[in-house]
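Trainee:
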Amino acid sequence: MSLQSLALIENWPAPTAAAGVVRADGTVLGTHGPVAQRFPLASVTKPLAAYAALVAYEEGAIELDEPAGPPGSTVRHLLAHTSGLAFDEHRVMAPPGDRRLYSNAGIEQLCDHIAKATDIPFSEYIRQAVLDPLGMTATTLEGSPAWAGVSTVEDLLRFAAEVQAPRLLDPRTVAEAMTVQFPGRKGVLPGYGHQNPNDWGLGFEIRDGKSPHWTGSASSPRTFGHFGQSGTFLWIDPDAGVAGVALTDRAFGPWAIEAWPVFTDAVLAELRG
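Spelled out as structure tokens, the structure:
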């Protein structure tokens, strides 16, 4: 099966774009563009870092509700962007659990916490915990675990298959990661403005009823994933039983707000037949 809808990326105003769709059993339903080309992920790095954090949790190195980050905050707060830390600064803007403050600093503090708990640099921990076991040989993290990852569509399809049918984690842990944490918290979804509520799981953003949104109007409310300011996204739609990945070399902007939902709706429509 080859999805014709993936060719829509040719219309995107990006010098280079690649995309793919994968089922839970690892069946790649289609790809388009240079899927082996490495692209900066920007914030699509965060789901990879979160998955490594959940491995650390299952290994007993950390607990989800142990203190981490600013006073009163826990690992769970950091993963769910409710620690109160500012977007890109290590300063407190609100009490933990009060608001959904999307925070690179929070993810950085989380991964520093894991590095201390395991006595392994986080870039090495994520390689051992996630990248190597999944055969993600083209993926690297050199820098902030919030945004410095580099990967390919091929590798991210491997990751998206894993999240849909976990082998590295207990499925109950992944179910928790895609369940709203601290329900009812409002906040800003970068690029899309205030959302009330602004729902997140553990390291994954949850679509729910958000509008506007970077996924499609046909995407189920249970859809979860992440997009990046480098013009990248990864979504998983449990109701459709499929995940989509797209990487580009054009920064996120109005073009993506317009093009991405159309692309996702076309993919879902073609899958429905």
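In case it helps, our numbering puts the sequence shown at residues -16 to 256.
Beta carbons: idealized from backbone N, C-alpha and C, even for Gly.
(1) Report the partner residues of SER134 according to the DSSP bridge assignment.
(2) Would you grab the beta carbon distance between VAL27 and PHE246 for me? Rounded to a whole angstrom, and I think it's under 8 angstroms.
(3) Between ASP231 and THR14, how many whole angstroms is the CB-CB distance? I'm expecting something under 8 angstroms.
(4) My assumption, with CB atoms under 8 angstroms, is that ASP8 sits in contact with ALA148. Please give the rounded CB distance.
(5) Three or more C-beta pairs under 8 angstroms: does that hold for the region 122 to 133 against the region -12 to -2?
(6) Where DSSP assigns a beta bridge to THR57, which residues make up the other side?
(7) Just tell me which of VAL163, GLY211, ALA252 and ALA239 has its CA closest to the CA of ALA201.
(8) Please list, in chain order, all residues of the same chain as LEU117 whose beta carbon is under 7 angstroms from its beta carbon, the five residues on each side excluded.
(9) Can you name the start and end residues of the alpha helix (DSSP H) that ARG6 belongs to?
(10) Do PHE187 and GLY208 have their C-beta atoms within less than 9 angstroms of each other?
(11) Comparing C-alpha positions only, which one of ASP95, PRO195 and GLY80 sits nearest to HIS73?
(12) Residues bridged to GLU188 by DSSP?
(13) Is GLU102 buried or exposed, if buried means 16 or more other CB atoms sit within 10 Å of its CB?
(14) What residue range does the beta strand (DSSP E) around GLY176 cover?
(15) Where ALA70 and ALA63 are concerned, what is the direct C-alpha to C-alpha distance, given to the nearest angstrom?
(16) Quick check on HIS27: does DSSP put it in helix, strand or coil?
(17) Answer with buried or exposed for HIS259, where buried requires no fewer than 16 other C-beta atoms within 10 angstroms of its C-beta.
(18) Have a look at GLY52 and GLN(-13) and give me their C-alpha separation to the nearest angstrom.
(19) Quick check: the region 17 to 24 against the region 41 to 61, are at least 3 beta-carbon pairs closer than 8 angstroms?
(20) According to DSSP, ILE219 sits in a beta bridge with which residue or residues?
(21) If contacts are defined as beta-carbon pairs under 8 angstroms, then LEU(-11) and VAL5 qualify, I think. What distance do you get, rounded to the angstrom?
(22) Can you name, in chain order, every residue of its own chain whose Cβ lies under 6 angstroms from the Cβ of SER106, other than the five neighbours on each side?
(23) Considering only residues of the same chain and omitting the five flanking positions on each side of PRO104, which have a CB-CB separation below 8 angstroms?
(24) For LEU152, tell me which candidate among PHE210, GLY227, ALA112 and ILE90 has the shortest Cα-Cα distance.
Mentor: Straight from the coordinates:
(1) If you number the sequence shown from 1, residue 134 lands on position 151. According to DSSP, SER134 bridges with PHE22.
(2) Reading the sequence shown from its first residue, position 44 is the one you call residue 27. Reading the sequence shown from its first residue, position 263 is the one you call residue 246. The pair is not a contact, with the Cβ atoms about 16 angstroms apart (cut-off 8 angstroms).
(3) Within the sequence shown, numbered from 1, the residue matching residue 231 stands at position 248. Within the sequence shown, numbered from 1, the residue matching residue 14 stands at position 31. The sequence shown places Thr at residue 231, not Asp. For a cut-off of 8 angstroms, the C-beta gap from THR231 to THR14 is around 14 angstroms, too long to register as a contact.
(4) Start at 1 with the first residue of the sequence shown, and residue 8 comes out as number 25. Start at 1 with the first residue of the sequence shown, and residue 148 comes out as number 165. Indeed, because the Cβ distance is near 7 angstroms, the residues count as touching under 8 angstroms.
(5) Inter-segment contact for the region 122 to 133 and the region -12 to -2 is absent: fewer than three beta-carbon pairs are separated by less than 8 angstroms.
(6) Here residue 57 corresponds to residue number 74 of the sequence shown, with the count starting at 1. Answer by DSSP bridge pairing, in chain order: PRO50.
(7) In the sequence shown, the residue the question calls residue 201 occupies position 218. It is ALA252.
(8) Residue 117 sits at position 134 when you count from the first residue of the sequence shown. Excluding positions up to five away in sequence, the list reads ARG141, PHE142 and GLU145.
(9) Numbered from 1 along the sequence shown, position 23 holds the residue referred to as residue 6. For ARG6, there is no enclosing alpha helix (DSSP H); the residue is found in the beta strand (DSSP E) stretching over 0 to 6.
(10) For this step, residue 187 is matched to residue 204 along the sequence shown. For this step, residue 208 is matched to residue 225 along the sequence shown. Using a Cβ distance threshold of 9 angstroms, PHE187 and GLY208 count as a contacting pair.
(11) If you number the sequence shown from 1, residue 73 lands on position 90. Checked all of ASP95, PRO195 and GLY80; the closest Cα to HIS73 is ASP95.
(12) Mapped onto the sequence shown, residue 188 falls at position 205. TRP183 and GLY208.
(13) Counting from one through the sequence shown, the residue named residue 102 turns up at place 119. Note that residue 102 is Asp in the sequence shown here, rather than Glu. Exposed, since its Cβ has fewer than 16 Cβ neighbours within 10 Å.
(14) The count along the sequence shown starts at 1 and reaches residue 176 at position 193. For GLY176, the enclosing beta strand (DSSP E) starts and ends at 176 to 178.
(15) For the purposes of this step, residue 70 is taken as the residue at position 87 of the sequence shown. For the purposes of this step, residue 63 is taken as the residue at position 80 of the sequence shown. Looking at the sequence shown, residue 70 is not Ala but Phe. Cα to Cα, the separation comes out at about 13 angstroms.
(16) Along the sequence shown, read from residue 1 onward, the residue named residue 27 stands at position 44. This sequence places Val at residue 27; His is not what is there. DSSP places VAL27 in helix when its eight states are reduced to three.
(17) As shown, the chain starts at -16 and ends at 256. That puts residue 259 outside it, with no answer to give.
(18) Stepping through the sequence shown from its first residue, residue 52 is reached at position 69. Stepping through the sequence shown from its first residue, residue -13 is reached at position 4. Computed Cα separation, rounded: 46 angstroms.
(19) Here the region 41 to 61 does not lie against the region 17 to 24, with fewer than 3 beta-carbon pairs under 8 angstroms apart.
(20) As a first step, residue 219 must be located in the sequence shown, where it is residue number 236. As a beta-bridge residue in DSSP terms, ILE219 pairs with PHE207 and ALA226.
(21) On the sequence shown, position 6 is the one that residue -11 refers to. On the sequence shown, position 22 is the one that residue 5 refers to. Not quite, the Cβ-Cβ distance comes to about 12 angstroms (not below 8 angstroms), so this is no contact.
(22) Position 123 of the sequence shown, counted from the first residue, corresponds to residue 106. So the qualifying residues of the chain are LEU124.
(23) Sequence index remark: in the sequence shown, residue 104 carries index 121 (1-based). Around PRO104, the same chain offers ALA98 as residues with beta carbons nearer than 8 angstroms, after the five sequence neighbours per side are excluded.
(24) Here residue 152 corresponds to residue number 169 of the sequence shown, with the count starting at 1. Closest option to LEU152, Cα to Cα, is ALA112.
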